[in-house]
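**Student:** Numbering (our numbering), first residue to last: 115 to 326.
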């Protein structure tokens, strides 16, 4: 798997339902950042973060010996979440693609806030949520996703709506207006899927993941 110098993995404190997928993503990324409690996931997964950001109230104890080169950026601002603090840090690194694991699960209010924050940050860099599969937040542009034949792919408009074209699926779309709702759910890939976002932004969800 090719490692990208501009890709980072951010670990949050939510659920990690498929640890193997997170490890696979980590191998692609040039560095790993933890938002405070996400450091406990890193320890369990055997990953060494380059940086841990937050108020440091949820670190694993004791710290793994392999973390001797890890930097700790303390931020006690009570008006922002550890996720937001980590994103502020990452915005200064020139990161072009950000994978976020541990975004969902736990308290519902935290999960909803995390999704809203992710959509806000997604205007600055390509953002991919890592959960049971991958969910890519995509703005205007074109992209191909390498999926297995018969694999599911869902499109969900972010915000008020998005105009999209999609080919390589059972139900192709041509400059269709997607609004928040079920129209883009559970399409079936014939293989590689070509997606064009003409306006707005969409979440591209692939439960089985896709080839990087």
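In this text, a Cβ means the ideal position worked out from N, Cα and C, and glycines have one as well.
1) Counting along the chain, where does the alpha helix (DSSP H) carrying residue 132 start and finish?
2) Counting beta carbon pairs with one atom in the segment 211–227 and one in the segment 279–292, are three or more of them shorter than 8 angstroms?
3) Taking only the alpha-carbon atoms, compute the straight-line gap between residue 284 and residue 255 and give it to the nearest angstrom.
4) Near residue 214, which residues of its chain fall below 6 angstroms by C-beta distance, leaving aside the five closest residues on each side in sequence?
5) Going by beta-carbon coordinates alone, are residue 306 and residue 275 separated by less than 7 angstroms?
6) Are the segment 222–230 and the segment 248–267 touching by the rule of at least three beta carbon pairs closer than 8 angstroms?
7) May I ask you to list the residues that DSSP assigns as paired with residue 213?
8) Give the secondary structure of residue 168 by DSSP, where H, G and I count as helix, E and B as strand, and everything else as coil.
**Tutor:** In this structure, then:
1) Looking at the DSSP string, residue 132 is not in any alpha helix (DSSP H), and its letter there is neither H nor E.
2) no
3) 22 angstroms
4) 124 and 243
5) no
6) no
7) 123 and 242
8) strand
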